[in-house]
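Quick notes on the structure that follows.
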Amino acid sequence: MLLLPPRPPHPRPSSPEAMDPPSPKAPPFPKTEGPSSTPSSVAGPRPPLLGRHLLIDANGVPYTYTVPLEEEPRSPPPREAPPVEPPPRKGYSCPECARVFASPLRLQSHRVSHSDLKPFTCGACGKAFKRSSHLSRHRATHRARSGPPHTCPLCPRRFQDASELAQHVRLH
């Protein structure tokens, strides 16, 4: 029987530079994942990523060695966007109240509300109005001798204007 001398213990390398290159036949080990989303890992800095390498020494004895892996480059923290000022309002502004209108006709119609002029007068009672639409609505009160023309289908109330009736029906 042939006796071989005992093998000397294999010195473990202390740095990646002192290691022998890994064997090309060594099976790849999975990279360890990044930190978990547990509260303890959120509070502090990330631990370094580690990888395990299977190495074989000169005598053919396999051993593993853990080395830090290169971390993925971190993206810079997001920058805060500069405050955005609202764009200047385009249009026609009222000199009385500074409201802005898209067209000069709308501004002209609005300016009537600031004047004391009431050019539309009722022929039946002499009441005056700033707008012709207001006079037309008023005239309906004189035409309806038998009462308001719009009757609620749910109760006996009657209304001069269809919009008033619609508002009343919504209350039912």
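UniProt numbering numbers the first residue of the sequence shown as 1 and each following residue consecutively.
Glycine included, every Cβ here is placed at the ideal spot set by N, Cα and C.
All values derive from a computational prediction rather than experimental measurement.
>> I'd like to know if the segment 116 to 134 and the segment 90 to 105 are in contact, where contact means that at least 3 CB-CB pairs between them fall below 8 Å.
In response: no
>> Please list the terminal residues of the continuous alpha helix (DSSP H) segment that includes Glu-164.
In response: 162 to 171
> Under the three-state reduction of DSSP, which class applies to Pro-62: helix, strand or coil?
Replying inline: strand
> So, His-110 versus Arg-99, is the Cβ gap smaller than 8 Å?
Replying inline: yes
> Would you report the Cα separation of Ser-136 and Ala-162, rounded to the nearest angstrom?
Replying inline: 13 Å
>> Contact defined as beta carbons within less than 8 Å: I believe Arg-143 pairs with His-150. What is the distance between those atoms, to the nearest angstrom?
In response: 13 Å between Cβ atoms; not a contact.
> Going by the CB atoms, is the gap between Ala-140 and Gln-160 shorter than 8 Å?
Replying inline: yes
> Three-state secondary structure (DSSP) at Ser-93?
Replying inline: strand
>> To the nearest angstrom, how far is the alpha carbon of Lys-127 from that of Asp-116?
In response: 14 Å
> Helix or strand or just coil, what does DSSP make of Leu-154?
Replying inline: coil
> Taking the DSSP output, what are the residues bridged to Val-100?
Replying inline: Ser-93
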